[in-house]
Amino acid sequence: MSVWLSYAALAVLFVLVCTALFFFTLTRGALLLRGVMGQLTHDAAHVYPIYSSMGLIRLIDYQPIIAAILLFQYSRLVSVITHGLRCSDLRGQAVLITSCAFGNIMPKVAQAAVDAGAARVLVSDLIQNELDHAQTKLHSYRDKTVYLQQNAINMAQTDGSVAANVMFFLLHELPHPLKHQAIREAIRVLAPGGRLYLAEFHRPSLWVLCALSWTYFKVFEPYGLSLWDAHDPVRQLSQIGGLTCERHTVFFGNFQVIVATKSVSTGFQGTTPQPNYG
Ligand SMILES: C[S@@+](CC[C@H](N)C(=O)[O-])C[C@H]1O[C@@H](n2cnc3c(N)ncnc32)[C@H](O)[C@@H]1O
């Protein structure tokens with residue numbers, strides 16, 4: 309019996325190590341390799357292969373896998389966002405999803421936006437494969453959805469053109485200087501009274517979770533740890549001004565959803581970029 313238990317433990321360990329190696333190769337490992345090869349200069353240099361290769365996107369984008377990566381808090385985080393959207397009056401307005409995400413968040417956001425009266429759901433991402441994949445999940449909303457290949461740090465939308473903007477776990481993947489630019493853009497495109505829903509990692513309150521989370525970021529996601537302090541999104545949003553922020557934390561503070569509402573008489577000074585739909 310104990311021999312079988314040892315085999316089972318070894319098998320579990322083997323699967324865990326292989327999974328960790330697989331994700332390391334396709335996240336941090338790929339960034340390290342690009343650095344060595346001097347390929348970190350183009351716009352999408354920080355994007356992991358799991359978001360750029362269609363084969364990998366299809367391989368990984370399964371709800372149980374995505375739920376497990378977010379420690380089974382995915383649905384809770386999504387429901388904070390969809391509840392907020394449903395409680396808003398979005399009649400005739402546009403809702404923006406700034407960068408695609410795995411799992412069912414995009415159809416859930418689209419449904420909540422449509423239920424609240426939104427006329428259009430704009431789905432934007434830097435990577436065309438992600439947009440193509442998103443279309444397969446959003447075919448029920450095809451008369452309301454528009455797909456835009458664009459960079460979150462330089463959006464084509466005019467100032468104040470969307471009533472809500474959803475940014476789901478994008479910031480922790482952006483190099484530090486881009487985090488603030490992406491937040492500024494997210495706020496610039498919001499209409500007065502509009503809301504940004506920003507889901508991200510947060511510093512956990514339990515020391516054991518803190519240690520595990522710290523290790524996870526150091527190994528897999530080098531740009532994520534600074535969200536705990538130096539690049540805390542609420543701090544960055546308060547520097548912009550003209551916003552009211554609520555922070556909802558879940559799972560011992562390991563995750564957060566920030567709801568930033570743009571004041572009606574906002575002091576935010578945006579600049580409208582030239583459209584660059586390409
Ligand atoms: C939003 S994150 C989501 C990660 C999260 N683990 C998930 O899927 O639930 C990944 C997406 O962000 C996109 N992305 C990365 N950098 C971007 C940028 N600068 N502008 C727009 N989209 C970007 C990637 O192409 C990818 O589709």
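Residue numbers for the sequence shown, in the numbering used here: 309 to 586.
Cβ coordinates follow ideal geometry from the N, Cα and C atoms, glycine included.
Since the structure is predicted, the reported quantities are computational estimates derived from the model, not experimental observations.
Where Ile435 is concerned, there is no enclosing beta strand (DSSP E), because DSSP gives it neither an H nor an E. Residue range 413-423 is occupied by the alpha helix (DSSP H) that includes Met414. With fewer than 16 other beta carbons inside 10 angstroms of its own, Ser314 counts as exposed.
The DSSP assignment places 382-394 as complete runs of the alpha helix (DSSP H) inside the region 377-411, in order along the chain (cut-off: 4 residues). Residue pairing from DSSP places Tyr505 in a beta bridge opposite Val474, Val567. If the five residues before and after Pro512 are omitted, its C-beta is found closer than 7 Å to the C-beta atoms of Cys518, Ser521, Phe560, Gly561, Asn562, all from its own chain and listed in chain order. Closest option to Pro530, judged by alpha-carbon separation, among Gln544, Leu430, Thr335: Thr335.
Here Thr552 carries a strand assignment [DSSP, helix/strand/coil]. Residue range 515-527 is occupied by the alpha helix (DSSP H) that includes Tyr524. Inclusion of Tyr359 in the 7 Å shell around ligand 1 follows from its C-beta lying nearer than that to a non-hydrogen atom of the ligand. Placement of the Cβ of Phe528 at a distance of 7 Å or more from every heavy atom of ligand 1 is found. Ranked by Cα distance from Asn473, the first of Thr569, Tyr370, Tyr359 is Thr569. Contact check for Ala499 and Ser469: beta-carbon distance about 7 Å, within the 8 Å limit, so the pair qualifies. Segment contact: the region 388-408 against the region 372-379, fewer than three CB-CB distances shorter than 8 Å; contact not assigned. Taking every protein chain shown into account, the CB of Lys526 has fewer than 16 other CB atoms within 10 angstroms, so this residue is exposed. Judged by the Cβ position, Phe322 fails to qualify as a neighbour of ligand 1 at the 7 Å threshold, every heavy atom of the ligand being at least this far. Of the heavy atoms belonging to ligand 1, none sits nearer than 7 Å to the Cβ of Val429.
For the pair His488 and Val311, the Cα-to-Cα distance works out to about 54 Å. Counting the other Cβ atoms within 10 Å of the Cβ of Pro541 gives 16 or more, which makes it buried. The distance from the Cβ of Val355 to that of Ile435 is about 6 Å, consistent with a contact at the 8 Å cut-off. Shown here, Gln544 sits in a helix according to DSSP, grouped into three states. For Arg450, the three-state secondary structure derived from DSSP is coil.
Ala538 carries a coil assignment under DSSP once its states are collapsed to helix, strand and coil.
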